[in-house]
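Count the sequence shown with this note's numbering and you get residues 136 to 559, in order.
Just so it is clear, CB atoms sit at the ideal spot from N, CA and C, and this is done for glycine as well.
Given the structure is predicted, the values throughout are model-derived calculations rather than measurements.
First up is the structure itself, then whatever we jot down about it.
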Amino acid sequence: MKKVMLKTTLSLAVAMASSQLFASGFALNEQSVSGMGTGFAGRSSSADDASTVFGNPAGMARLEGQQVTGGVAVIDASTDIKDVSGRSRGTNKGDMVPFTAVPFGFYTNKLNDQWAVGFGVYAPFGLITDYESKYQGRGFGSKSEVQVITFQPTVSYAFNDRVSIGFGPTFNRIAGTLESELTLNPAAPDTRIKIKGDDTAIGFNAGVLVQATDTTRVGLTYHSKVKYKLEGHTEVNAPAATSGALATGRYDASLKIDTPESWDLSVTQDMNDAWKLYAGATWTRWSRLKDITVDNKGVTSAGGGLAPGLVGTIKEEQNWHDTWAYAVGTSYQLTKQVVLRTGLTFDQSPTNNTDRSPRIPTGDRTIFSVGLGYAVMDNMTIDLAYSYLKEEEVSVNRSNALASYNAKYKNSANGFGLGMTYKF
136 MKKVMLKTTL SLAVAMASSQ LFASGFALNE QSVSGMGTGF AGRSSSADDA STVFGNPAGM
196 ARLEGQQVTG GVAVIDASTD IKDVSGRSRG TNKGDMVPFT AVPFGFYTNK LNDQWAVGFG
256 VYAPFGLITD YESKYQGRGF GSKSEVQVIT FQPTVSYAFN DRVSIGFGPT FNRIAGTLES
316 ELTLNPAAPD TRIKIKGDDT AIGFNAGVLV QATDTTRVGL TYHSKVKYKL EGHTEVNAPA
376 ATSGALATGR YDASLKIDTP ESWDLSVTQD MNDAWKLYAG ATWTRWSRLK DITVDNKGVT
436 SAGGGLAPGL VGTIKEEQNW HDTWAYAVGT SYQLTKQVVL RTGLTFDQSP TNNTDRSPRI
496 PTGDRTIFSV GLGYAVMDNM TIDLAYSYLK EEEVSVNRSN ALASYNAKYK NSANGFGLGM
556 TYKF
C-alpha cells in the first residue's frame with residue numbers, strides 16, 4: 136500500500152499541465168495585449184511597444200524615448216467531459232479552471248542611437264486546475280496550482296538602422312501546490328495528498344531584428360530552457376479507517392524539471408500606410424519532458440506504516456513531443472487614433488494519447504483573435520483584445536492498483552486583454 140501511495144503522490148507532480156491558457160503545454164502567451172489582438176503573429180518582428188522586452192529584446196532599438204507597457208489578460212475556460220468509465224465513482228462537471236488573471240509589465244529606455252535598456256516582469260509558464268470535490272478522476276489529480284514569475288533586465292544594441300540585437304537574463308521563481316484524493320474505503324473519507332514546493336533559477340532571452348527592406352521586417356527570438364529543482368514537502372492525511380495501512384505524515388519532497396527552450400521566427404510586412412500583415416512560427420522543445428521523478432523521504436510527523444528515513448523515488452512516463460505553433464494576423468490603421476487587429480493561430484499539443492492524464496487533458500488548438508488600439512493622447516495608448524480558443528477532442532485513460540478513469544475531454548476558452556502604453 137505504501138508503494139501505491141507514493142505512485143499516486145507522483146501523479147500529483149505531473150503539475151506541469153495545461154490549464155487551457157493560450158499556449159501549448161503549460162506555457163503562457165499573455166505578455167502583450169497588442170500581440171494578443173493579432174494572435175501573437177509577428178511577435179518577434181513587430182516591436183510595437185515595451186512588451187518587445189519579452190517578444191524580441193532587439194526590438195527595443197525601434198522604440199523612441201522611454202515607454203511603459205502594462206496590462207492583464209483574463210481567461211474563462213470550460214470543458215465538456217463525456218463517455219466516462221472506470222472503477223472510480225463521482226461527478227464530471229468539467230469546471231476545473233477558475234477565472235484566471237495573468238498580469239505583466241515592461242519598461243524601455245532608448246539611451247542613444249545604438250543602446251537601449253529595459254526591464255520586464257511577467258509569467259512565462261503557469262497553471263491552475265481545481266476539480267469539484269467529488270470528481271470521478273480525483274485519484275489522478277484534484278487540484279494543481281503552479282506559478283512562474285520572471286524578472287528580466289534587458290539591453291539591446293543597434294548596429295545601424297537595419298540590424299539590432301538584444302539580450303536579457305531571466306530570474307525565475309516557481310512555486311506550486313498540488314493535491315489529489317484516494318478512495319481506499321468507500322465507507323470512510325478520502326485520503327488527501329498535497330505536495331508543495333518552490334525554486335529559483337536563471338535563464339535568458341535573446342533576439343535579432345532585421346529591417347530586410349523598407350517594408351519588411353524579420354525577427355528571431357530565443358527563450359532558453361530553465362532548470363528547476365523544486366524542494367518542499369508531501370503531506371498525506373488519511374482517515375482513521377485507513378491510516379494504519381498508509382504512510383500518513385509529512386515527508387521531504389523534491390522534483391527536477393526543465394521548462395523548455397523555444398524559437399520564435401516572425402515577419403512584419405507593411406502593405407501600405409494603413410495595412411500591416413504578420414506571420415510567425417514558434418518551435419518549443421517539449422520533448423525534454425520524458426518523465427517526472429519525485430523523491431519522498433524523511434518522516435517529519437507521526438504516521439502509520441512508514442519508517443523514518445525511507446526513500447521513495449518513483450518515475451512516471453510523460454513522453455511529450457516537440458511542438459509547432461503557427462500564426463497569421465493583420466492590423467489596419469482606421470484613423471490616427473484607432474488601429475484594428477485580428478489573427479488566427481494553430482497550436483500543437485505536446486501530450487500523447489497513451490500518457491495523457493486529467494491534469495493534461497488538452498489537444499491541438501485553434502485560436503481566433505481580434506483587438507483594438509486607441510491613442511487616448513499622443514503619448515498614451517489603450518489596447519483591448521479578445522481570443523476564442525477551441526481544442527480537438529482528446530481521450531484520457533488512466534489506471535493504477537486502486538482506481539481507473541477513462542473519459543473524453545473537449546476544451547474551449549475565452550480570453551480578454553486590457554493593456555496600456557505610456558511614452559515619456
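| Asked | Found |
| --- | --- |
| Identify whether M288 lies in helix, strand or coil by the three-state DSSP scheme. | Residue 288 is actually Pro in this sequence, not Met. Strand, per DSSP. |
| What first and last residue would you give for the beta strand (DSSP E) that runs through G240? | T235 to K245 |
| Going by C-alpha to C-alpha distance, which of N191, V531, F189 and V203 sits closest to M555? | V203 |
| By the three-class DSSP mapping on this structure, what secondary structure does M171 have? | helix |
| Express the C-alpha separation of Q287 and F306 in angstroms, rounding to a whole number. | 6 Å |
| With a threshold of 6 Å on Cβ separation, who are the neighbours of V529 within its own chain once the five nearest residues in sequence on each side are excluded? | G498 and Y544 |
| Should T516 and T458 be called a contact, given that it needs their Cβ atoms to be closer than 8 Å? | no |
| Can you give me the C-alpha to C-alpha distance between N295 and Q249, rounded to a whole angstrom? | 8 Å |
| Suppose you measure from the CA of D215 to the CA of I495; what does that come to, to the nearest Å? | 14 Å |
| Anyone know if the C-beta pair for V361 and G332 falls short of 8 Å? | no |
| Suppose you measure from the CA of T356 to the CA of L246; what does that come to, to the nearest Å? | 22 Å |
| Which stretch, first to last residue, makes up the alpha helix (DSSP H) that contains V473? | Run containing V473: none in the alpha helix (DSSP H); it sits in the beta strand (DSSP E), V473 to D482. |
| Between which two residues does the beta strand (DSSP E) holding V345 run? | T326 to Q346 |
| Please list the segments of the alpha helix (DSSP H) lying wholly inside the stretch 263-312, counting only runs of 4 or more residues, in order along the chain. | none |
| In this structure, does DSSP put G205 in helix, strand or coil? | strand |
| Give the straight-line distance between the Cα atoms of N532 and E366, rounded to the nearest whole angstrom. | 30 Å |
| Does the Cβ-Cβ distance between H368 and A388 come in under 8 Å? | yes |
| Excluding sequence positions up to five away, which residues of its chain have a Cβ less than 8 Å from the Cβ of K425? | E452, Q453, N454 and W455 |
| Find the nearest neighbour of T417 within the set I427, G354, K471 and Q468, judged by alpha-carbon distance. | G354 |
| Is L441 helix, strand or coil when you go by DSSP? | Bear in mind that a pLDDT of 41 at L441, under 50, signals an unreliable position, so the number given afterwards is only what the model happens to contain. Of the three classes helix, strand and coil, the one that applies to L441 here is coil, per DSSP. |
| Expressed to the nearest angstrom, what Euclidean distance is found between the alpha-carbon atoms of K217 and G225? | 13 Å |
| Check W455 in the structure and name its three-state DSSP category. | coil |
| Shortest alpha-carbon distance to S180 belongs to which of S492, G464 and L524? | G464 |
| Are V98 and F241 touching if we call contact CB-CB under 8 Å? | Nothing in the structure corresponds to residue 98, since the chain is present only between 136 and 559. |
| What did DSSP end up calling K417 once you bin it into helix, strand or coil? | The sequence given here places Thr at residue 417; Lys does not occur at that position. If DSSP states are grouped into helix, strand and coil, T417 belongs with the strands. |
| I need the straight-line Cα distance from W398 to G384, nearest angstrom please. | 44 Å |
| Taking the continuous beta strand (DSSP E) assigned at T369, which residues delimit it? | V361 to N372 |
| Where do the ends of the beta strand (DSSP E) carrying T516 lie? | M515 to E526 |
| When you compare only the Cα positions, how much space is there between E267 and G221? | 18 Å |
| So, using beta-carbon positions, are V211 and F234 closer together than 8 Å? | The identity of residue 211 in the sequence shown is Asp, whereas the question assumes Val. In contact: D211 and F234 (Cβ atoms closer than 8 Å). |
| DSSP beta-bridge partners for S213? | S547 |
| Buried or exposed, going by whether 16 or more other CB atoms sit within 10 Å of the CB of M472? | The amino acid at residue 472 is misidentified as Met; the sequence shows Gln. That one is exposed. |
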